[in-house]
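Here the structure is laid out as structure tokens; the discussion comes afterwards.
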Amino acid sequence: MKRTLIAEIGTNEAILTVCGWVQDIRILKNLSFLVLRDESGVCQVTVKNLEKPFDVASLNRESVILVDGMLVPQSQSKTGKEILASRITLLNAAKVPLPLAPFDKVQADLDTRLNNRFLDLRNPRISSIFRLKSSILWGIRNFLMQNGFVEVQTPKIVASATEGGANLFNVKYFEDEAYLSQSPQLYKEILISAGVGRVFEVGPAFRAEKHNTVIHLNEFTSVDIEMAFADAEDAMRMLEGVVDSAIQNILEANRKELEILGIDLKRQPLPYPRVEFSECLKILGDAGIKHDPEEDLTPEDLRVIAGRYSGFYFITKWPASVRPFYTMPDHENPEFTNSFDLQYQEKEITSGAQRVHDPAMLRSRFASKGLNPEDFDFYLKAFEYGMPPHSGWGLGLERLAMILLGLKNIRECAIFPRDRTRLKP
Ligand code: ATP
Ligand code: MN
Numbered sequence: 013m014k015r016t017l018i019a020e021i022g023t024n025e026a027i028l029t030v031c032g033w034v035q036d037i038r039i040l041k042n043l044s045f046l047v048l049r050d051e052s053g054v055c056q057v058t059v060k061n062l063e064k065p066f067d068v069a070s071l072n073r074e075s076v077i078l079v080d081g082m083l084v085p086q087s088q089s090k091t092g093k094e095i096l097a098s099r100i101t102l103l104n105a106a107k108v109p110l111p112l113a114p115f116d117k118v119q120a121d122l123d124t125r126l127n128n129r130f131l132d133l134r135n136p137r138i139s140s141i142f143r144l145k146s147s148i149l150w151g152i153r154n155f156l157m158q159n160g161f162v163e164v165q166t167p168k169i170v171a172s173a174t175e176g177g178a179n180l181f182n183v184k185y186f187e188d189e190a191y192l193s194q195s196p197q198l199y200k201e202i203l204i205s206a207g208v209g210r211v212f213e214v215g216p217a218f219r220a221e222k223h224n225t226v227i228h229l230n231e232f233t234s235v236d237i238e239m240a241f242a243d244a245e246d247a248m249r250m251l252e253g254v255v256d257s258a259i260q261n262i263l264e265a266n267r268k269e270l271e272i273l274g275i276d277l278k279r280q281p282l283p284y285p286r287v288e289f290s291e292c293l294k295i296l297g298d299a300g301i302k303h304d305p306e307e308d309l310t311p312e313d314l315r316v317i318a319g320r321y322s323g324f325y326f327i328t329k330w331p332a333s334v335r336p337f338y339t340m341p342d343h344e345n346p347e348f349t350n351s352f353d354l355q356y357q358e359k360e361i362t363s364g365a366q367r368v369h370d371p372a373m374l375r376s377r378f379a380s381k382g383l384n385p386e387d388f389d390f391y392l393k394a395f396e397y398g399m400p401p402h403s404g405w406g407l408g409l410e411r412l413a414m415i416l417l418g419l420k421n422i423r424e425c426a427i428f429p430r431d432r433t434r435l436k437p
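Number 437 marks the last residue of the sequence shown (my numbering); no jumps.
Okay, here's the thing in structure tokens:
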């Protein structure tokens with residue numbers, strides 16, 4: 013169909029066709045005004061003398077119409093863009109009442125919005141989130157491609173757990189039992205043995221977490237990298253570059269969306285601060301909080317630690333007891349590991365580490381985590397014939413988006429979120 017995008021009105025023809033949704037209708041005596049919206053913006057349609065009669069009074073909001081008309085130069089309308097209609101064609105009517113009015117002053121509750129996501133997304137405040145998320149991912153991809161990474165796709169139906177068995181979704185795989193992948197970890201590492209050097213993947217990760225929080229989804233987008241001949245510090249530097257590139261990209265490409273959402277985003281100077289886990293225990297001790305050195309930091313602990321840092325920072329050298337089997341122990345202090353999390357205030361965005369590359373060490377790590385090495389035979393095999401030292405990380409894209417865009421609930425950053433109770437739409 014030949015049409016002019018609303019954003020481009022006034023830049024070319026004087027006689028034009030615009031298509032979109034009827035956002036507002038105002039009927040006066042001999043004259044009516046419509047606010048018409050497409051993906052690029054809104055304009056006013058003035059209806060006075062049509063070539064073919066059209067009953068504006070019968071038009072419902074959010075119906076889809078086509079308008080042929082003439083550009084009104086120097087329009088006084090609120091939108092600054094105006095078309096004097098010569099012909100209006102109803103392409104598809106919207107039913108009344110709308111299950112969600114996307115332009116109501118008072119925003120509907122999140123559940124109603126998610127149940128009617130197609131209407132929710134008609135508001136540019138909401139669709140901007142996903143334009144920005146897309147741009148964040150573009151910034152990440154661009155940076156990784158420039159740094160010699162190759163993008164791969166690994167299977168999401170898998171035979172064994174990577175992060176332990178507790179939060180796996182089962183699937184029936186013909187006569188076998190299989191799972192939905194929690195993380196591409198094992199495959200990324202096998203590809204390091206295969207000699208790819210630097211590899212990344214952007215794909216879904218599934219976690220059967222029963223708790224309902226504002227930072228957890230049951231299906232999220234994981235950005236994963238793995239690098240050969242690299243230590244934890246190399247992986248952290250790559251991560252800073254990725255986050256900074258994502259921020260830079262939206263600052264350059266998405267001024268309009270940032271403005272719509274009222275986001276004042278700034279780059280944070282590199283390098284991001286690094287704080288060791290043992291130092292975190294001291295910070296907690298100073299705050300009068302006792303912490304078992306073998307246990308993970310709780311959300312409350314992280315809030316206290318975040319009091320010391322205003323933005324992004326790394327927590328490094330986590331205890332082996334709280335990290336997965338593939339995490340490289342610190343060779344001076346083997347209860348600790350060459351691992352890191354990237355945090356933004358109290359929220360975790362990324363976990364990463366240098367990985368174990370010695371198959372004998374890997375076997376003993378399986379044992380210490382109560383895992384059966386036989387379940388990982390295909391993985392272990394790749395370590396027996398020349399596996400380089402390597403490091404990498406996994407970053408939750410929705411978590412990063414939520415933080416950069418200052419949103420309070422991760423569900424805002426998943427276009428059709430999956431949570432404990434939501435399986436539709
Ligand atoms: P958390 O402790 O916050 O539950 P995790 O340590 O279990 O996260 P990892 O296995 O380290 O998560 O996964 C790497 C990254 O993937 C996390 O830092 C986070 O950004 C993201 N992530 C993990 N689980 C989820 C989830 N359920 N929903 C959204 N993002 C997630
Ligand atoms: Mn983690």
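Using N, Cα and C, we set each Cβ at its ideal position, and we do this for glycine too. Only a predicted model underlies this, so the values are computations on that prediction, with no experimental measurement involved.
Rounded to the nearest whole angstrom, the C-alpha separation of K381 and F337 is 7 Å.
With fewer than three CB-CB distances shorter than 8 Å, the segment 320–327 does not count as touching the segment 223–240. Unbroken alpha helix (DSSP H) stretches of 4 residues or longer found wholly inside the segment 268–310: 289–298, given in chain order. Rounded to whole angstroms, the separation of the alpha carbons of K145 and K107 is 31 Å.
In chain order, the residues with a C-beta atom nearer than 7 Å to some heavy atom of the ligand MN are D353, E360, S363.
Straight across, the Cα-Cα distance linking M13 with L110 is about 27 Å. Contact between L192 and K168 holds, with the beta-carbon distance rounding to 6 Å and staying under 8 Å.
By the neighbour-count criterion, in which 16 or more other beta carbons inside 10 Å mark a residue as buried, T16 falls on the buried side. Relative to the ligand ATP, the beta carbon of I422 is positioned inside 8 Å of a heavy atom. Three or more pairs of CB atoms, one per stretch, sit closer than 8 Å, so the segment 245–254 contacts the segment 391–406.
By the neighbour-count definition (other C-beta atoms within 10 Å, threshold 16), S205 is a buried residue. In the structure shown, the three-state DSSP call for I259 is helix. By alpha-carbon distance to P65, the top candidate from L40, L102, V47, I301 is L102. Within the DSSP secondary-structure output, D36 pairs in a beta bridge with V47. Counted as a single uninterrupted DSSP element, the stretch harbouring D236 is not any alpha helix (DSSP H) but the beta strand (DSSP E) occupying residues 231–240. The C-beta separation of P281 from Y321 comes to about 13 Å, leaving the pair out of contact by the 8 Å criterion. Of N345, D387, P400, L314, the smallest CA-CA separation from K359 is found for L314. Under the 10 Å beta carbon count, F352 is surrounded by 16 or more other beta carbons and is classified as buried. The beta carbon of M340 lies closer than 7 Å to those of T349, N350, A365, Q366, R367, V368 in the same chain, with the five residues before and after it left out. Each residue's CA atom was taken as its position, placing N42 and K60 some 7 Å apart. One Cα belongs to I427, the other to H343, and the distance between them is close to 43 Å.
Leaving aside the five residues that flank A190 on each side, the residues in its chain whose CB is nearer than 8 Å to its CB run, in chain order, I169, V170, A171, N182, V183, K184. Here G32 is buried: its Cβ has 16 or more other Cβ atoms, across all protein chains shown, within 10 Å.
Per DSSP, W405 is one residue of the beta strand (DSSP E) stretching across 402–408. By the Cβ-count criterion, T23 is exposed, with fewer than 16 other Cβ atoms from all chains shown falling within 10 Å of its own Cβ. Pairing P331 with E307 gives a Cβ-Cβ distance under 9 Å. Between I95 and V57 the beta-carbon gap is near 5 Å, inside 8 Å, which marks them as a contact. Short note on E307: C-beta not closer than 8 Å to any heavy atom of the ligand ATP. Apart from sequence neighbours up to five positions away, the residues of its chain that approach D256 with a beta-carbon distance below 7 Å are R279, L282, ordered along the chain. Using a Cβ distance threshold of 9 Å, R49 and V34 count as a contacting pair. I138 sits away from L417, with the two beta carbons spaced by 9 Å or more. Relative to the ligand ATP, Q357 has its C-beta separated by 8 Å or more from all heavy atoms. Just so you know, the alpha carbons of F241 and L203 end up roughly 13 Å apart. When the beta-carbon positions are compared, L412 and I237 stay at least 9 Å from each other. CA-CA distance, E245 to Q158, rounds to 19 Å. By the criterion of a C-beta distance shorter than 6 Å, G209 is surrounded in its chain by A240, once the five residues flanking it on both sides are discounted.
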